[in-house]
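Novice: One structure coming up, written as structure tokens, with questions to follow.
Number of protein chains: 2
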Amino acid sequence: MRYIDAFNHFFPKRYYDALLETPTGAKDLGKRVRGIPALFDLDLRIRLVDSFDDYAQVLSHGLPPMERLWGPNKSPEMAKIANDGLAEIVAKFPRHFVGWSALLPLNAPQAAAKEAERALGNGANAVQLPTNANGVPLDEPQFLPIFEVIAKSGKPILLHPARTRDMPDYPTERYSKYEICSVLGWPYETGVTLARLIFSGIMDRFPDLKVIAHHLGGVVPYLEGRVGHSFDQLGVRTSDEDYGTILKSLRKRPLDYFKDFYGDTAVEGARAATVCGIDFFGADHVVFASDCPFDKEKGPGYIRDTMQVLDSLALSNAEREKICFRNAQRLFGLTA
Amino acid sequence: MRYIDAFNHFFPKRYYDALLETPTGAKDLGKRVRGIPALFDLDLRIRLVDSFDDYAQVLSHGLPPMERLWGPNKSPEMAKIANDGLAEIVAKFPRHFVGWSALLPLNAPQAAAKEAERALGNGANAVQLPTNANGVPLDEPQFLPIFEVIAKSGKPILLHPARTRDMPDYPTERYSKYEICSVLGWPYETGVTLARLIFSGIMDRFPDLKVIAHHLGGVVPYLEGRVGHSFDQLGVRTSDEDYGTILKSLRKRPLDYFKDFYGDTAVEGARAATVCGIDFFGADHVVFASDCPFDKEKGPGYIRDTMQVLDSLALSNAEREKICFRNAQRLFGLTA
């Protein structure tokens, strides 16, 4: 079976070097990043890809979101360096890396819209967005031009959770303790952002916008009952806001918007969750992804485990091909 | 098939009347509560139970947690009224209501431990705890005596999510908007609390403590991969806290603690989520529950839908009986 890995992480060299020089990069991030060579060592990464049959990656930058690392004066320049870095790798090794996603300097929204346009014009197959920009929700008006550019391109958004504990208004101790914020908080954060994209009207404004939500939709598929029935009753729990009006203004049932999003299979090899997520989004809206190289083995673990899970599922051959590579080809506009 | 509904909500009359007189009860809560008669009208509730074959309920109080409604001078008295109210209903209608859970005045921790002891001595089949006490995590030392009393009784905790937006330190706008806090935030909050019960050492201190997490474990079963692999790597993302030591001090792998909790089937009739949750906890650790009467039909909806989902699952007869009533009989100490 052909596999195109839609969401995994790599730092191109110039961006990686610059990142380690930031205060954040010199602390926690540097410690973590340096411990995972396949995240920045291109030769190693190529060997890793080669170790799987008929397997290729669409590269995305690693975390954290760049607006945490540089101020708005510097971030647009760094985004360009980051994006040109991935474009170069993909041009040089097209068999291993069949595409790439751009990142944007969200703390400089106007520059971000321009960079989105430039990167997509320069061959980017997707745009990676964090679920919040330093704590600012993506449905704030300053980000609208970005969505407009992406929607116009026809390319998808790769929605990646952003560390909630870095948000200035977040109750740090309560939610960051024991790393709960990344383990459980990230998938929650993904659900929060999908909900806000719907109820803010962004999905009605750009009905063809494709959003691929990392980790198989975060918490959404498991909460299908609540997302369906509870959002149908939006407003009954609140008296100080007129949510009933929002509900009426939507073109579809809230649940249907959630089902129109896409998910990837990056659930660290959890089989029952994979079944639940595919049931929710349907085989046309799920793409194979590994989150490589964040497994304990620092590279091959989640790729192998996720392939094994897909192998074990009762899918038709057509469904399996869609999930493993055809949906990715279609969404990212790939020929290989 | 016999069904014992392990988690559903009802307000006994004296408690209901008192609740509507509080400032919170007079506002949002009152509006919502009055709109769902099966939440407080006993005759209606009995007819509702009668409308299903061989079906009985273990009653739990409705939300919100009482420490939001009364200060610590008043809450112990109100807990007593609430608990005696349910005890009385169960004594009077033992065929419809085979058991009940006690609530506790968590803003008066010493009184709460005493009330737990009194209520359990008075026949309570479980203790309902919110996932936080007005924003204070349950693993704070002042709550230890409560866990001690419950553990000693052998009866389970029914863990109910508490509204995150009411926590004093919560970033209200960001998370409460569009009721995201209750729809997605509650199950997340459940996961947060389960994690804290583990990593704080409470589950090691009381290894026989049984915790039934509402809504089939919140977000945990769908996040099995993260809960497994990411918590195994606790500490790698953090440099300012020594989480590696916590990990070593635990008696089991973090994932195994999560799997030792119990879940209920109250997922608003979502089939794929039910399958995923039963896969995670196993048939010995799942109890039938409906969250009645919070469906759109204000009573029968989730009971009927959840029964239909269970009917449709490929379970052995032994597994089905455990989930539908035998686990509840065992956990709550029921004879009927």
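Taken in sequence, the protein lines are chains A and B.
Count along the first sequence from 1, add 13, and you get the number used in my numbering.
Count along the second sequence from 1, add 13, and you get the number used in my numbering.
The C-beta atom is built at its ideal place from N, Cα and C for all residues, glycine as well.
As the structure is a computational prediction, the values presented were derived from the model and not from experiment.
1. Give the DSSP bridge partners of A/Asp277, in chain order.
2. Interface residues of chain A around B/Gly282 at Cβ under 7 Å?
3. Which residues in the same chain have their Cβ closer than 8 Å to the Cβ of A/Val62, if we skip the five residues on either side of it in sequence?
4. Measure how close the beta-carbons of B/Ala137 and B/Asn96 come, nearest whole angstrom, since I'm counting them as under 8 Å.
5. Hey, would you say A/Ala19 sits closer than 7 Å to A/Val300, going by beta carbons?
6. Is the shortest distance between the beta-carbon of B/Ile49 and the beta-carbons of chain A less than 7 Å?
7. Under a three-way DSSP split, which group does B/Phe271 fall into?
8. Determine, using beta carbons only, whether A/Glu332 comes closer than 7 Å to chain B.
9. In three-state terms, what does DSSP make of A/Asn96?
10. Quick check: what's the CA-CA separation for B/Ile163 versus B/Tyr28?
11. Taking just the CA atoms, how far does A/His22 sit from B/Cys337?
12. Under the three-state reduction of DSSP, which class applies to A/Asp18: helix, strand or coil?
13. Residues of the segment 128-152 of chain B in Cβ contact with chain A at a cutoff of 7 Å, in chain order, please.
14. Note down the Cα distance separating A/Leu347 from A/Lys127, rounded to an integer number of angstroms.
15. Just confirm the distance between the C-beta atoms of B/Phe293 and A/Ala124, as a whole number of angstroms; I'd bet it's less than 8 Å.
16. DSSP has B/Tyr201 in a bridge; who is on the other side?
17. Using a Cβ cut-off of 7 Å (strictly closer), state whether B/Leu197 contacts chain A.
18. Which partner residues does B/Asn120 have in the DSSP bridge list?
19. Alpha carbon to alpha carbon, how far is B/Leu263 from A/Glu202? Give it in angstroms, no decimals.
20. Going straight from the alpha carbon of B/Leu76 to that of B/Thr144, what length do you get?
21. Taking only the alpha-carbon atoms, compute the straight-line gap between B/Lys165 and B/Leu42 and give it to the nearest angstrom.
22. Classify A/Pro154 as buried or exposed, calling it buried when 16 or more other Cβ atoms lie within 10 Å of its own Cβ.
23. Less than 6 Å between C-beta atoms, sequence neighbours within five positions excluded: which residues of the same chain meet that for A/Phe271?
24. Can you give me the C-alpha to C-alpha distance between B/Ile225 and A/Ser243, rounded to a whole angstrom?
25. Count the other CB atoms, across all protein chains shown, that sit within 10 Å of the CB of A/Asp152; report buried if there are 16 or more and exposed otherwise.
26. Could you tell me whether the Cβ of A/Pro200 comes closer than 7 Å to any Cβ of chain E?
27. Mind listing the chain B neighbours of A/Lys309? Cutoff is C-beta to C-beta under 8 Å, in chain order.
28. Can you tell me the Cα-Cα spacing of A/Glu332 and A/Asp297, whole angstroms?
29. Whole angstroms are fine: how far does the CA of B/His74 sit from the CA of A/Pro89?
30. For A/Lys9 and A/Leu82, what's the separation of their Cα atoms in angstroms?
31. Between A/Asp30 and chain B, is any beta-carbon pair separated by less than 7 Å?
32. Checking contacts by CB at 7 Å: is A/Ile316 closer than that to chain B?
33. Exposed or buried, which one is B/Ala31 when buried takes at least 16 other CB atoms within 10 Å?
34. Using only the alpha-carbon positions, how far apart do A/Ile316 and A/Asp324 sit?
35. Decide if A/Arg47 is buried, meaning its Cβ has at least 16 other Cβ atoms within 10 Å, or exposed.
36. Please determine, among B/Gly230, B/Met91, B/Asn147, the residue with the shortest C-alpha to C-alpha distance to B/Ala132.
Specialist: For this structure:
1. DSSP output for A/Asp277 lists A/Val300 as bridge partner(s).
2. Gly238
3. Excluding five sequence positions before and after A/Val62, the CB atoms of its chain that fall closer than 8 Å to its own CB belong to Tyr68, Ala69, Gln70, His109, Phe110, given in chain order.
4. 7 Å
5. Contact check for A/Ala19 against A/Val300 passes: the beta carbons are separated by less than 7 Å.
6. Chain A, which has no Cβ nearer than 7 Å to the Cβ of B/Ile49, makes this no.
7. helix
8. no
9. helix
10. Answer to the nearest angstrom: the Cα atoms are 23 Å apart.
11. 44 Å
12. strand
13. Interface annotation for the segment 128-152 of chain B against chain A: Pro150, criterion Cβ-Cβ distance under 7 Å.
14. 23 Å
15. The pair is not a contact, with the Cβ atoms about 44 Å apart (cut-off 8 Å).
16. The partner list for B/Tyr201 (beta bridge, DSSP) is empty, contrary to what the question assumes.
17. Look at B/Leu197: its C-beta is under 7 Å from a C-beta on chain A.
18. Paired residues: none, contrary to the question.
19. 28 Å
20. 12 Å
21. Roughly 34 Å between the two C-alpha positions.
22. With a threshold of 16 other beta carbon atoms within 10 Å, A/Pro154 falls short and is exposed.
23. Val233, Val240
24. 22 Å
25. buried
26. The chain inventory of the structure shown lacks chain E, comprising the protein chains A and B.
27. His242, Asp245, Gln246
28. Cα to Cα, A/Glu332 sits roughly 7 Å from A/Asp297.
29. 54 Å
30. Coverage of chain A is limited to positions 14 through 349, which leaves residue 9 of chain A absent and any answer about it impossible.
31. no
32. At a cut-off of 7 Å, the C-beta of A/Ile316 has no neighbouring C-beta in chain B.
33. buried
34. 12 Å
35. exposed
36. B/Met91
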